[in-house]
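One structure is given below, encoded as structure tokens.
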Amino acid sequence: MPCILFADDDPTACLLMQAALGAQGFNVTTVDNGNAALTAFSAKPFAMVLLDVDMPGLDGYLVCSELRKQYGETLPIVLITGHDDRLAIETGFTAGASDFISKPINWSTLAQRLRPLLDKIQQA
Numbered sequence: 009m010p011c012i013l014f015a016d017d018d019p020t021a022c023l024l025m026q027a028a029l030g031a032q033g034f035n036v037t038t039v040d041n042g043n044a045a046l047t048a049f050s051a052k053p054f055a056m057v058l059l060d061v062d063m064p065g066l067d068g069y070l071v072c073s074e075l076r077k078q079y080g081e082t083l084p085i086v087l088i089t090g091h092d093d094r095l096a097i098e099t100g101f102t103a104g105a106s107d108f109i110s111k112p113i114n115w116s117t118l119a120q121r122l123r124p125l126l127d128k129i130q131q132a
């Protein structure tokens, strides 16, 4: 069962993420800010990190960049954003994002979007 860390300051999004991915066999740990995401990851390595871009304090871009510096290129990091403009996407990939998911999230297909990223690291 892959362990995923999800950071979002919206408690409803956290509950929905746990329900959607939990039903597909994922173990989801949620935190409500960027600092908590870094702390949680340093305490327990996760197979994947999902980050909301717009969080107070450390936003998803900063957390992504810090995780990349500390843990390298193999960790799948997916940014979740309501922004679909070119600048937001470029900023995310520059920070080290593996992929983007746009809001509103399609909960029924989310697991299928994430599995290839996990498969890639298992093959490495």
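Taking the numbering used here, the leading residue of the sequence shown gets 9, the next gets one more, and so forth.
Built from N, CA and C at the ideal position, the CB exists for glycine as well.
CA-CA distance, D107 to L87, rounds to 6 Å.
For M25, the enclosing alpha helix (DSSP H) begins and ends at 19-30. Under the three-state reduction of DSSP output, T47 falls in the helix class.
Of the other Cβ atoms in all chains shown, fewer than 16 fall within 10 Å of the Cβ of A27; this residue is therefore exposed.
In the DSSP annotation of this structure, the continuous segment of the beta strand (DSSP E) that includes L13 starts and ends at 11-15.
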